[in-house]
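Asker: With the first letter of the sequence shown counted as 1, position 229 gets the number 229 in the numbering used here; the numbers rise by one all the way through.
Quick one: the structure is below, and I'll ask about it shortly.
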Amino acid sequence: MILLNPGPVNLSERVRAALAGPDLCHREPEFGELQSEIRRNLLAVYDLDPEQWAALPLTGSGTAALEAMLGSLVPATGHLLVVTNGVYGERAAEIARRYRLPTKTLAHPWKAAVDLEALERDLDSAPTPTHVLVVHHETTTGRLNDLAAIGALCRARGVDLLVDAVSSFGAEALDFEAWGITASAGSANKCLHGAPGAAFVLTRRAALPPRRVAAASLYLDLGAYCRAQDAGDCLFTPAVPIFHALAEALREHAEDGGWRARRRRYGALAQQAAQGLAALGIEPLLPQAASSVVLRAYRLPARVSYATLHDGLKARGFVIYAGQAALAREIFRIATMGQIAAADIQALLAAIGELVTPASPQENTLHQHN
Ligand SMILES: *Cc1c(COP(=O)(O)O)cnc(C)c1O
């Protein structure tokens, strides 16, 4: 089955094999070495200095990393501004509510770009935010939010920028230093091509709370994670096989040429899909310039329901992804992450062609004669 959903992804054979790595006790130095390699290589993806930055892997999905980041890095005296233009921004706002963080939300419709003038007004109006959370790649629509511009506004005001980079980390540009990013949340099973079950936060060390400040969550206390991991230890039982797979996925990512090569590869596959779909009369939801290379949303063709398209494709070996909430009737999504190749996209396009072109034998004959 070819997975075109935004994670979990089709694994490479070497990452799959790593899942069956040696049984390890997480209190032994062998696990400490595995964890340290993962931490070094996560920072290396974007050339971050380990003196200034810490990578903190944890067991859980991407949402756990988001909870850890928001719950640990926004102090009780802080004020958070959450920028939303899709499901994941709204989820971050909900996390902030559950943690009772003083929060305001700059909400946009799901198809909209971030309104930089409105953001500027919110940054300058009382209570002035100390932290901003924004989703880099809003997987809801495939939009790549303009982090450089958002980061510049935050940086000019000394506001900490927290980024949900769960569906962009490893395959899109993320200039942590130039864009003034304080921390980002990511997960193993999206653009890094690891298995589901591990996630991570990359944070400036200076942004971690002092030892005397306990986070609201015992399990997701990043200050405590960092102290333990710096000592080669870990707090709780980690998903050891998933860590083996993440270590292998990071080696493969580096050997393949890092995020730039992965961005090129995804971009070529996304372009191939977009061109093939355009030839079938299927339009993208967003202009290409606003889109990530990781996932694109397309308008459902008039005569074909999502269920018909999904089920027909699944019978042919492909899993596509539905739109969420109101977008469920309007779009379908194709992610190009994971171990997939141009030949898979070609086969996908042929399968979609079978499902969206009228099936009557006369019409088919007519088409052939044209
Ligand atoms: C996948 C994703 C998440 C996390 O979802 P999980 O199901 O917890 O892994 C968060 N943000 C974005 C933008 C995502 O695409």
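Heads up, the beta-carbon is just placed ideally off N, CA and C, and yes, glycines get one too.
1. How big is the Cα-Cα spacing for L300 and G323?
2. May I ask which residues mark the beginning and end of the alpha helix (DSSP H) holding K314?
3. Once DSSP output is grouped into helix, strand and coil, what is the label at P57?
4. Span of the alpha helix (DSSP H) holding G62?
5. Per DSSP, which one or two residues make a beta bridge with D124?
6. I'd like to confirm the pairing. Which residues does DSSP put opposite I372 in its beta bridges?
7. Could you name the residues of the same chain whose beta carbon sits closer than 8 Å to that of L366, not counting the 5 residues immediately before and after it, in chain order?
8. Could you tell me the alpha carbon to alpha carbon distance between V134 and H108, rounded to whole angstroms?
9. Determine, using beta carbons only, whether R263 and V293 come nearer to each other than 8 Å.
10. Could you spell out the range, first to last residue, of the beta strand (DSSP E) harbouring Y225?
11. Taking only the alpha-carbon atoms, compute the straight-line gap between R205 and D311 and give it to the nearest angstrom.
12. What residue ranges within the segment 261-307 form continuous beta strand (DSSP E) runs of no fewer than 3 residues, ordered along the chain?
13. Out of curiosity, what's the CA-to-CA distance linking A188 and L73?
14. Taking the alpha-carbon of I331 as reference, which of I340, Q339, M337 and Y321 has the nearest alpha-carbon?
15. Is G71 near ligand 1, in the sense that its beta carbon is under 7 Å from a heavy atom of that ligand?
16. Pull up the distance between the alpha-carbon of V83 and that of P22, whole angstroms please.
17. State the CB to CB distance for the pair H26 and T237, rounded to an integer number of angstroms; the pair is presumed to be in contact (CB under 8 Å).
18. If we cut at 8 Å on Cβ distances, does L348 have a partner in chain B?
19. If you drop the 5 nearest sequence neighbours on each side, which residues of the same chain put their C-beta closer than 6 Å to that of G276?
20. Looking at G62 and ligand 1, is the gap between the Cβ and the nearest heavy atom below 7 Å?
Answerer: According to the data block:
1. Here residue 300 corresponds to residue number 300 of the sequence shown, with the count starting at 1. Here residue 323 corresponds to residue number 323 of the sequence shown, with the count starting at 1. When rounded, the distance between both Cα atoms is 10 Å.
2. On the sequence shown, residue 314 is found 314 positions in, with the first residue counted as 1. From DSSP, the alpha helix (DSSP H) with K314 extends over Y306 to A315.
3. Your numbering for residue 57 matches position 57 in the sequence shown. Residue state, collapsed to three classes: strand.
4. Position 62 of the sequence shown, counted from the first residue, corresponds to residue 62. Start and end: G62 to L73.
5. In the sequence shown, counting from the first residue as 1, residue 124 sits at position 124. DSSP lists no partner for D124.
6. The first residue shown for the chain is 1 and the last is 370, placing residue 372 beyond what the model contains.
7. The residue given as residue 366 occupies position 366 in the sequence shown. The pLDDT assigned to L366 is 46, lower than 50, so where the model puts this residue is not dependable, and the model offers no usable value.
8. Residue numbering aside, residue 134 sits at position 134 when the sequence shown is read from its first letter. Residue numbering aside, residue 108 sits at position 108 when the sequence shown is read from its first letter. One C-alpha to the other measures close to 12 Å.
9. Counting from one through the sequence shown, the residue named residue 263 turns up at place 263. Counting from one through the sequence shown, the residue named residue 293 turns up at place 293. Going by C-beta atoms, R263 is nearer than 8 Å to V293.
10. Along the sequence shown, one-based indexing puts residue 225 at 225. Taken as a continuous stretch (DSSP letters only), Y225 belongs to no beta strand (DSSP E), being part of the alpha helix (DSSP H) at L222 to D230.
11. Taking the sequence shown and counting its residues from 1, one reaches residue 205 at position 205. Taking the sequence shown and counting its residues from 1, one reaches residue 311 at position 311. Answer to the nearest angstrom: the Cα atoms are 47 Å apart.
12. 295-299
13. Here residue 188 refers to the residue found at position 188 of the sequence shown. Here residue 73 refers to the residue found at position 73 of the sequence shown. Roughly 21 Å between the two C-alpha positions.
14. Here residue 331 refers to the residue found at position 331 when the sequence shown is read from its first residue. Nearest of I340, Q339, M337 and Y321 to I331, Cα basis: Y321.
15. By 1-based counting over the sequence shown, the position of residue 71 is 71. No; taking the cut-off as 7 Å, the Cβ of G71 has no heavy atom of ligand 1 nearer than that.
16. Reading the sequence shown from its first residue, position 83 is the one you call residue 83. Reading the sequence shown from its first residue, position 22 is the one you call residue 22. Near 43 Å, if we compare the C-alpha coordinates of P22 and V83.
17. For this step, residue 26 is matched to residue 26 along the sequence shown. For this step, residue 237 is matched to residue 237 along the sequence shown. Yes, they are in contact, since the Cβ atoms of H26 and T237 sit about 6 Å apart, within 8 Å.
18. Of the protein chains in the structure, only one exists, and it is not chain B.
19. The sequence position of residue 276 within the sequence shown is 276, counting from 1. Contacts found: L349.
20. Here residue 62 corresponds to residue number 62 of the sequence shown, with the count starting at 1. Checking every heavy atom of ligand 1 against the Cβ of G62, one is found closer than 7 Å.
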